[in-house]
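The sequence shown begins at 1 in UniProt numbering and counts up one residue at a time.
A virtual CB, placed ideally from N, CA and C, is assigned to each residue, including glycine.
Values in this document were obtained by computation on a predicted structure and should not be read as measured data.
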Amino acid sequence: MDLLKTIIKSIQGCAKETLDLLEKMAERDLENHLRKLLTEHKYLVVIDDVWQREAWESLKRAFPDRKNGSRVIITTRKEDVAERADNKGFVYRLRFLSQEESWDLFCRKLLDVRAMVSAIERLAKDMVDKCGGLPLAIVVLSGLPSHKRGLEEWQKVKDNLWQNIKDDSIEVSYILSLGYNDLSTALKQFFLYFGIFPEDRVVHVDHILWLWMAEGFVPTGKEIMEDVAEGFLNELIRRSLIQVVRTFWEKVSKCRIHDLLRDLAVQKALEVNFLDIYDPRKHSISSFCLRHSIHSQGKRYLSLDLSNFKLRSLMFLDPDF
């Protein structure tokens, strides 16, 4: 139902009348409403990251087939979801990067390729080869040694990776964890804070800088606090842990975190009682975390037991906005 509402909002906008109408609709009513909106139009709908076949089955009834060239594209990490989505559909399987493409991506992300002496380049190529052609692993790996200059520091990165080789490759989750563990204590809290936002949320840079300052993360001194906070954000971007979405006058104005890195941030944040995400389906929330993020998922009223004397921040966010 949430996805149906999101698609309808993207077509009709988020006026109060639309939101009130959608709140009153049952799932079948939402399907019929979307069909009516799309019937007279040629449309392209992209639905990203579908995990369950049932989720797509309940959605596809809402898309009319008028033989007018309209298309629905779904992306998924599960092959059976793709194969059974439509017996007339085409399944495009993303291939892994070749060794040459992997190395090219690593070099493009690395800040100063020219600084690599031949010995360091051999180490780097060995590490890139173990990423198995996975772009996210290569990008995060490129951020690990970007601030390391000597051969000894590069060797330490490789030694850490080599301890976790399985089947001649390294799991992407370990590379992501290594990227997190390589952060300073200060940088870790800035990274973990991105876990507050719903998955795939595009974050306004001004917004998160203000939140960091309000939380007391940004040290005070002679420099302007916004500039200091922006420096921390740029360091996370430089390490490929945060993605740039938009720039304005050569400054980052919008950014986001990859969903796998967000999963890591949420996991690590909960481990150290930094942050907990409220799940309305479980009606449970940690009694020890310093921050709670509540994703309302369209619900206007929530029943919460917040018997947490350590709580510092409480954020209400709607994933649809």
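Checking 9 Å against the spacing of the C-beta atoms, do P135 and L105 come in under that value? yes
Length of the line joining the Cα atoms of I138 and Y180: 15 Å
So, is G231 buried or exposed, given that buried needs 16 or more other C-beta atoms within 10 angstroms? exposed
For L260 and L176, which I take to be in contact (beta-carbon distance under 8 Å), what is that distance rounded to the nearest angstrom? 6 Å
Cα-Cα separation, R53 to I73: 14 Å
Buried/exposed call for G195, threshold 16 Cβ in 10 Å: buried
Could you name the residues that DSSP lists as bridge partners for Q243? R256
From K156, L264, W103 and C255, residue whose alpha carbon lies closest to that of V172: L264
On the DSSP bridge list, what partners appear for Y278? I294
Taking Cβ positions, are residue 322 and L4 nearer each other than 9 Å? Residue 322 cannot be examined here, being either before or after the span of the chain that is shown, 1 to 321.
Compare the C-alpha of A124 against each of K88, W162 and R77 and name the closest. Checking every option, the nearest Cα to that of A124 belongs to W162.
For F197 and D206, I'd like the C-alpha separation in whole angstroms. 15 Å
With distances taken from CA atoms, which of R256, D227, K310 and S240 is nearest F274? K310
List in chain order: all unbroken alpha helix (DSSP H) runs of 4+ residues lying wholly within the segment 62–143. Segments of the alpha helix (DSSP H) lying fully in the segment 62–143: 79–83, 99–109, 118–129 and 135–143.
Assuming E215 and S313 make a contact with CB atoms under 8 Å, what is their CB distance in whole Å? Yes, they are in contact, since the Cβ atoms of E215 and S313 sit about 7 Å apart, within 8 Å.
I'd like to know whether the C-beta atoms of I208 and L233 end up nearer to each other than 9 Å. yes
Can you tell me the Cα-Cα spacing of A62 and S70, whole angstroms? 13 Å
Mind checking which residues open and close the alpha helix (DSSP H) that includes V228? Note, V228: alpha helix (DSSP H), M225 to R238.
Give the single residue among R238, F217 and L192 whose Cα lies nearest to the Cα of V228. Out of R238, F217 and L192, F217 has the C-alpha closest to the C-alpha of V228.
Going by beta carbon distance, what residues of the same chain come within less than 8 Å of I47, once the five residues before and after it are set aside? Sequence-distant partners of I47 (beyond 5 residues in either direction) whose C-beta falls short of 8 Å from its own C-beta, in its chain, are L3, W56, L59, V72, I73, I74 and T75.
With a Cβ-Cβ cutoff of 9 Å, do K158 and D126 count as a contact? yes
Using only the alpha-carbon positions, how far apart do L144 and D182 sit? Note on geometry: alpha-carbon atoms of L144 and D182 lie some 7 Å from one another.
To which residues does DSSP link S313 through a beta bridge? R291, per the DSSP bridge assignment.
K78 and W51 look like a contact to me (Cβ under 8 Å); what is the Cβ gap, rounded to whole Å? 7 Å
Nearest neighbour of K36, chosen from R108, F191 and R66 [CA to CA]: R66
Using the Cα positions of R93 and D49, report the straight-line distance between them to the nearest angstrom. 14 Å
Apart from the five residues on each side of it in sequence, which residues of its chain come closer than 7 Å, Cβ to Cβ, to R262? F194, G195 and E199
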